[in-house]
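Report on one structure; see the data block that follows.
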Amino acid sequence: MKKTFYKQKKPCAFVHEMNFGRQSTKTNEDDGLPHCLEHLIYNGSTEHRYKGFLDTCATQCLSHSLNAVTHQAFTVYELKSASKDGFLKLLPLYMDNLFSPALKASEFVTEVHHINDKGTNNGVVYAEMLANCQVWNQ
């Protein structure tokens, strides 16, 4: 786990940042499951089961960056806040999402992949992967 405190030259004093990660997420298949899990983790935990709860709390805690990046062999989850108190309030909620994600089937349909009423493939992860493929094919 990497923890960084950065003093900015302009007003806003400190940025509190923690990277949880380098969690090994390499799979035997090329099916994108670690990337799907990365997205689903932010859609609620077993304790706070609704999408958007973590984002709302993050905004109230002066955090503009709840992010994750999935690489081929690992995933990094990031948490940043401009306020130490906000960071410390948000940390247990963030950890709850990481270690106890709700993983609802309904969220999989909207977040990962579904076929809409026009017969078109959709989903946030699907769209990201499609965009990456299009970039590589140019």
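Per UniProt numbering, the sequence shown starts with residue 1, numbered consecutively.
All residues carry an ideal CB built from backbone N, CA and C; glycine is no exception.
In chain order, what residues of the same chain have a beta carbon less than 8 Å from the beta carbon of residue i, not counting five sequence neighbours either side?
| i | result |
| --- | --- |
| residue 115 | 121 and 122 |
How many Å lie between residue i and residue j at the Cα?
| i | j | result |
| --- | --- | --- |
| residue 130 | residue 59 | 30 Å |
| residue 46 | residue 132 | 32 Å |
| residue 82 | residue 69 | 21 Å |
| residue 84 | residue 118 | 48 Å |
| residue 72 | residue 109 | 23 Å |
Quickly, what does DSSP pair residue i with across the bridge? List them, please.
| i | result |
| --- | --- |
| residue 115 | 121 |
| residue 68 | 77 |
| residue 101 | 45 |
Excluding the 5 residues preceding and the 5 following residue i in the sequence, name in chain order all residues of the same chain whose CB lies nearer than 6 Å to its CB.
| i | result |
| --- | --- |
| residue 44 | 50, 51 and 102 |
So residue i packs on residue j, CB below 8 Å; how close in whole Å?
| i | j | result |
| --- | --- | --- |
| residue 63 | residue 32 | Contact doesn't hold; Cβ gap of about 27 Å is too wide. |
| residue 97 | residue 54 | 6 Å |
Exercise for the section: Pair every Cβ in the region 100 to 112 with every Cβ in the region 59 to 78, then say whether three or more of these pairs are closer than 8 Å. Expected result: no
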